[in-house]
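In our numbering, the protein residues as written are 23 to 136. Backbone N, C-alpha and C fix where the C-beta goes; we use that ideal spot for every residue, glycine too. To start, the structure itself, in structure tokens.
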């Protein structure tokens, strides 16, 4: 289900057209949130290093999409900037946990941002 959700976000971005009024920055922000949520799900299902590695990759993709959302905004919304910061903090927490041998626990979504 998570994989299907992420592929749908990718398809939406591919079909978005700002000349028709599509808000690509919002789509990218939502995609970043979905990736962050997927990373949280991966970590919630165990602390195996494979899952933590998967979560790390998802968080990196989420940070990239959040940054893209900010770059595409004429005036970046505070919610977009906060989401990017929260994702980067979650990635740093996961990295810290992995280095200390904890295997995960960081990356938990602090709540939806809209």
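Let's see if you can read the secondary structure: which residues bound the alpha helix (DSSP H) around residue i?
i, result
"residue 64", "46-66"
"residue 111", "100-121"
What is the rounded straight-line gap between the Cα of residue i and the Cα of residue j?
i, j, result
"residue 121", "residue 115", "10 Å"
"residue 100", "residue 65", "27 Å"
"residue 74", "residue 50", "24 Å"
"residue 87", "residue 28", "12 Å"
"residue 117", "residue 123", "10 Å"
"residue 32", "residue 39", "14 Å"
What residues in its chain sit with their C-beta under 6 Å from that of residue i, if we drop five residues either side in the sequence?
i, result
"residue 61", "77, 80, 81 and 129"
Relative to the alpha-carbon of residue i, which residue among the options has its alpha-carbon at the smallest distance?
i, options, result
"residue 53", "75, 84 and 39", "84"
"residue 95", "26, 46, 41 and 35", "46"
Keeping to the same chain, check which residues put their C-beta closer than 7 Å to that of residue i; ignore five residues upstream and five downstream.
i, result
"residue 92", "98, 102, 103 and 106"
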